[in-house]
Structure formats: C-alpha cells, structure tokens
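The structure appears right after this line, and notes come after that.
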Amino acid sequence: MKKYWLVLLLAVLTLLIAACNGEGAKESSTDSSASKEAEGEQGGTIKIGVLASLTGALESYGKQTQRGFDLGIEYATNGSMEVNGKKIEIVYEDTETKPEVAVQKATKLLEDDKVDFLVGSSSSGDTLAVLPLAEEYEKIMVVEPAVADSITGAEFNDYIFRTGRNSSQDAYAAAAAIANKGVKIATFAPDYSFGWDGVKAFKTAAEKLGAEIVLEEYADPAATDFTSNLQKVIDAKPDYLFVVWAGANSPWNQIADLKIQEKGIKISTGAPDIIALKFMNPLIGMEGFSVYYHTLPQNDVNQWLVEEHQKRFDEVPDLFTPGGMSAAISIVEALKKSEGDADGKKLIGIMEGMSFETPKGTMTFRKEDHQALQSMYSIRLEQQEGVDYPVPVLIRELSPKETAPPISN
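Just so we're aligned, residue 48 is where the sequence shown starts under our numbering, counting upward by one.
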C-alpha cells in the first residue's frame, strides 16, 4: 500500500512539473511573439506607388517628376531612405497618359504591391480616374503635377492632398503679376474649355484687383492665322494682352509680326518648361508669371536640388522636378509626425494644415481642400548670354496668400 501511494505521489509531482514547464514555455513563446511584433513596428517597409507619364506626349513631365521624387526622398531622409526605422520603397508605373491604364496600374499598385501611398499623375485625366481608388483603399494620394481644379474641387475626397498647383492658382498668379486698379487687359485664348476656363479664372482674379477686362478674344485652336483676332486686340487698346494657349500652333510669331508690343500693348502669359521657352524668343521683354524656374526661389532646399540635379544629370531641374521633390518631402514629413504609421485615416488629421519646406519655399496643405498653398513668381522674359531661350527673371515673389485659389470642394 505504501508503495502504491509513493508511486501516485510521484505521478502527481511529475504532472505539476510538466504543467509549470508548459506555462513557462507558453510565456516564453508569447514574449517572443511580442518581441517580433515590436521589432516589426520599428522595422518594415513603407511602399510608395508613383503614377506618371513615362512614355508618350507627356514623357518629359513624367520623368521630371520621377527625378524630383527620388531626390526628394533622399533629401527628406538625409540619404538614409528610411523614416522611423522603416525603409522606403518606390514603385513607378507608366500611365501612358491614358485614364484606363492609370486605373489598371493604380489597382496593381494597391492590390499586388500593397503600397501605402499613391502619387501622381502627369495628366489630370489620369488623376481624376484614380482618385476614387484612394478613398476605396483608404490610402493617401499626393497629387503631382495634375492641375485640374476639380481634383481638389468637385471630385475631392479626404484622402487627396495636392502639392501641385491648380489651374486657378495659375490664374491668380497671372493676375497678381499684372492686374491693378485701372489697368486695361485683353485676353486671347483657344475657343474650347481649356481657353474658356483659363480666361474665366483670370478675369475673376484680375477684376478683384481692380483691373478692367476690355476684350475676351477666342480663336479656333486649329487655326494657323490669327491676324483678325489680334487686330481686334490692337483696336481695343489694352495695357496688356494676356494669352492662354497650349499647342504647337501658338500665336507668338504673329504677335511679333504685328508688333503688338511696339504699339504699347504689353504681352503676358505663363512661362512654361525649358523646351517650350525655346519657342518664345518673339516674347522677349514680356511680363507674366512662372510656377518654377531654377533661379527664381532662393532657399536651401532649392539650392540643394539645383546642385544635385546638375551633378547627376548634367542639366538644371525643370518645371515639374521641384513638384516631384515637394510630394516626396510631404510624405516623409507626415510619416515623421505619425512615427512611421502609414494608416490613411490617421494621416489625414496629421496632413491637414501641415506645413513643410520645399524647393519653392514653405507649402501648407489647406485644411478645407488639401490644396498646397505655395509661392509663384512674377517674371520678365530676358535674353541672357550663353542661353538659347528667353530666361524668366524675377520681378517679385507672389506669396501663397496672393495666389490662394477659391475653395470649391
């Protein structure tokens, strides 16, 4: 009997020891899992999907954005390509400037690549097609450089933030450059939505500043002879002729042939990218506005961009390069504030009203529509020795307040 009880006691002790060891193992496993989870929060990868026109008619725009974005991530992370211990991975996709392709590529980035952010695109049409996906997947989309007002207007959703300027900002910058009380202005534009919308926005801004629009002249966008249109401008005797135009059949040569500037009518328009500036020799002396030219902003970020771009690509950054850089900086700054958390809902609250430094100076995402308020530039086109195109020379910097567009969402 004693032997029986001794065996039973040993069996109970064995079970107790096993149970204790099991609990210890369980605790050890839990601790290990928690450790790995904590390690994952500190490490890991932030993926950014960038949509751009990397081929086709807008290829130069897309590649400028791509260069700027790469440089922006490098600049904002001090070369580490990490934020809060997480590596940043960039995935580029070519939209081919086709909205249906843009949607396919964006879906691929969200579904297959599992990106945390979307950026893009070169075309407003591409961008407008993709906007709903940002809301559906609850991912922040930084719009750059598409300009359609409706992106931060009628088609806006809370996940959209735009570092690129919109069409109304262009118009307000154009008006701020030349419009004052008593100034008489004629406008000249192609006879379709692009021209109508551009003139409408400019007229609103110019009249607010006290200028008078004495003529709105529209021409067939496919025309090659604008003599009759321009003669109406001459007859109206404005102080300025403001031109909204896009396309190869531009009116610049005929404006020069009719000696409009010699008749005391100053020409004004937006200074475009360097390729387009090469066709604007007839407009030397004109006053207008610029979104960006590499010599206009005077700040440390732009100085770094110009120096690094020249070093790596043997050329200066162009019109859309600083926009790509600004988009990248905005994402890194938001992630710094969120401590690396890429959750879209959380980032909305962080990015609304957020200011950050860019090649164009301080940008601020306006809380109401997430449009980045930014500086523009009043310029004069001048010929400079050693440069084969008219150079935009600064008259004055137009403040973010001056160029702030209406809230229309």
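Positions of the beta carbon are idealized from the N, C-alpha and C atoms, including for glycine.
- Pairing residue 310 with residue 416, the inter-Cα distance amounts to about 43 Å.
- Proximity to residue 255 across 272, 228, 287 peaks at 228, based on C-alpha coordinates.
- A residue is called buried when at least 16 other Cβ atoms come within 10 angstroms of its Cβ; residue 453 does not meet this threshold and is exposed.
- Along the region 211-287, the alpha helix (DSSP H) occurs as fully enclosed runs of 4 or more residues at 214-225, 240-255, 274-283, listed in sequence order.
- Exclusion of the five residues before and after residue 414 leaves 399, 400 as the residues of its chain whose Cβ lies within less than 7 Å of its Cβ.
- Around residue 222, the same chain offers 249, 252, 253, 255, 256, 258 as residues with beta carbons nearer than 8 Å, after the five sequence neighbours per side are excluded.
- Residue 408 is bridged by DSSP to 405.
- Here residue 293 is near residue 241, since their CB atoms are less than 8 Å apart.
- For residue 117, the enclosing alpha helix (DSSP H) stretches over residues 106-123.
- Contact check between the region 338-358 and the region 173-187: fewer than three CB pairs, one atom from each, fall below 8 Å, which does not count as touching.
- In the three-state reduction of the DSSP assignment, residue 174 falls in the helix class.
- Rounded to the nearest angstrom, the Cβ distance from residue 138 to residue 96 is 5 Å, consistent with a contact under 8 Å.
- In the three-state reduction of the DSSP assignment, residue 371 falls in the helix class, which pools H, G and I.
- Taking 3 residues as the minimum length, the beta strand (DSSP E) runs contained wholly in the region 316-370 are 334-337, in order along the chain.
- In this chain, the beta strand (DSSP E) harbouring residue 439 covers 438-445.
- Rounded to the nearest whole angstrom, the C-alpha separation of residue 182 and residue 276 is 46 Å.
- By the beta-carbon neighbour count (other beta carbons within 10 angstroms, threshold 16), residue 209 is buried.
- With 16 or more other Cβ atoms inside 10 Å of its own Cβ, residue 217 counts as buried.
- The C-alpha of residue 300 lies about 6 Å from the C-alpha of residue 329.
- Annotation: residue 290 to residue 113 spans about 30 Å, alpha carbon to alpha carbon.
- Collapsing the DSSP output to three states places residue 92 in a strand.
- Distances from the CA of residue 316 to each of 108, 451, 100, 233 were compared; the closest alpha carbon is that of 233.
- Rounded to the nearest whole angstrom, the CA to CA distance from residue 200 to residue 455 is 5 Å.
- Excluding its 5 nearest sequence neighbours in each direction, residue 272 has C-beta neighbours in its own chain below 8 Å: 301, listed in chain order.
- By the CB criterion at 8 Å, residue 173 and residue 167 fall inside the cutoff.
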